[in-house]
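Enquirer: After the structure tokens below, expect a handful of questions from me.
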Amino acid sequence: MDELVRVEGLSKVHYAAGLLKRRARVVRAVDDVSLAVRHNTILGLVGESGSGKSTLARAMLYLDPPTAGSVMIDGLDPALLSRSQMRQFRHRAQIVVQDPYAALNPRLSIASSVAEGLRNRGFPRRARERRVAELLEMVGIASRRARDNPQQFSGGQRQRIIIARALAMDPRFLILDEPVSSLDVSIQAQIINLLLDLKQRLALTYLFISHDLNLVAYVSDAIAVMKDGRIVEMGDAAEVIAQPRDPYTQMLFDNAPRLLDVRPGRI
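Here this note's numbering is used: the sequence shown runs in plain steps of one and ends on residue 267.
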């Protein structure tokens, strides 16, 4: 199966101010990370808080460009793109973030939020309205509510709207950065099932980021384990779960509740 995403030697270095005139301290938030994601599969990225997962996600999409290394997504290397070409890159790769309450502008209707990507893609007004209605229905939000503001929706509904906004760009690759961690458990299951359905329906490819090992094991075709900015283990999901090689991976498994079956059906 063809690779849609390849990352080679990616690093992101921050410089923390030193105390009492000492030199700035070098913080390697992401340290020489390499990974690949095959088309229409899910790579689960798991690690504790502060391990560098979200920094890696932002560096991959050049929202916060890496210090070193290379990224190739759907045949595009963002380091080599002009501003206009970068807009095309943004169409192909999108991110769904953790906090559904902060990710939507409270002053805009959800139709306006979802339509922003369509405007950037040159859709005329009536075509935008039709597509917004289609996208909202696709994620389980009644299109008659398109003119409502985010405050009129629950956290789970807002996350559905954020997913619709990402899909408006017609991406091939989605980074899902802790997409359900702020939601109630019953709502988490609904959003996970939606994401799995959309993956099959639209032939999407996911990088699924979570600290929840159960969840990563459930949704992923392959798993990468991150610690202190580095990938310490990566492989087929079933193999990593059955025979973890790195002591840190084993520790995560030992501390996790009973793992779900690694082949997803419905939660």
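Where is the CB? At the ideal position from N, CA and C, for every residue including glycine.
Values in this document were obtained by computation on a predicted structure and should not be read as measured data.
Say whether the segment 89-106 touches the segment 25-41, bearing in mind that this needs 3 or more beta-carbon pairs closer than 8 Å, one atom from each stretch.
Expert: No, because fewer than three Cβ pairs between the segment 89-106 and the segment 25-41 fall closer than 8 Å, the two stretches do not touch.
Enquirer: Spell out the partners DSSP gives Glu269 in its beta bridges.
Expert: Here the chain covers residues 1 to 267 and nothing more, so residue 269 does not appear.
Enquirer: Can you tell me which of the three DSSP states Ser70 falls into?
Expert: Three-state result, Ser70: strand.
Enquirer: For Ala29, which residues from the same chain have a beta carbon less than 6 Å from its beta carbon, with the 5 sequence-adjacent residues on both sides left out?
Expert: Same-chain partners within the cutoff: Lys12, His14, Gly52, Thr55, Gly229.
Enquirer: Pick helix, strand or coil for Ala93, following the three-state DSSP scheme.
Expert: Here Ala93 sits in strand by DSSP.
Enquirer: Since Tyr101 sits in a beta bridge, which residues does DSSP pair it with?
Expert: According to DSSP, Tyr101 bridges with nothing at all.
Enquirer: Apart from the five residues on each side of it in sequence, which residues of its chain come closer than 6 Å, Cβ to Cβ, to Val139?
Expert: Counting only Cβ-Cβ distances below 6 Å, and skipping sequence neighbours, we find Arg160, Ile163, Ala164.
Enquirer: How is the beta strand (DSSP E) around Phe253 delimited, first residue to last?
Expert: No beta strand (DSSP E) holds Phe253; the alpha helix (DSSP H) holding it covers 247-255.
Enquirer: To the nearest angstrom, how far is the alpha carbon of Asn149 from that of Ser181?
Expert: Rounded to whole angstroms, Asn149 to Ser181 spans 23 Å at the Cα level.
Enquirer: Considering only the alpha carbon of each residue, which of Val27, Val96, Gln85 lies closest to Ala57?
Expert: Closest by alpha carbon: Val96.
Enquirer: By a C-beta neighbour count over all protein chains shown, 10 Å radius and 16 as the cutoff for buried, is Arg87 buried or exposed?
Expert: It is exposed - the Cβ of Arg87 has fewer than 16 other Cβ atoms within 10 Å.
Enquirer: Give me the Cα-Cα distance between Leu4 and Leu174, rounded to the nearest whole angstrom.
Expert: Rounded to the nearest angstrom, the two C-alpha atoms are 11 Å apart.
Enquirer: For His211, which option in Asn120, Arg158, Ala168, Thr249 has the closest C-alpha, if you only look at C-alpha atoms?
Expert: Nearest of Asn120, Arg158, Ala168, Thr249 to His211, Cα basis: Thr249.
Enquirer: Let me check one thing: in DSSP terms, what residues is Ile175 bridge-paired to?
Expert: Answer is Ile95, Leu207, bridged to Ile175.
Enquirer: Verify whether the separation of the beta carbon atoms of Arg92 and Ile73 is less than 9 Å.
Expert: The answer is yes: Cβ separation under 9 Å.
Enquirer: Could you tell me if Leu63 is buried or exposed, where buried requires 16 or more neighbouring beta carbons within 10 angstroms of its beta carbon?
Expert: Exposed, since its Cβ has fewer than 16 Cβ neighbours within 10 Å.
Enquirer: Could you please give me the residues that DSSP links to Tyr270 through a beta bridge?
Expert: Residue 270 lies beyond the residue range present for the chain, which begins at 1 and ends at 267; the question has no answer from this structure.
Enquirer: For Ile231, which residues in the same chain have their Cβ closer than 6 Å to its Cβ, ignoring the five residues on either side in sequence?
Expert: Result list for Ile231: Val33, Ala224, in chain order.
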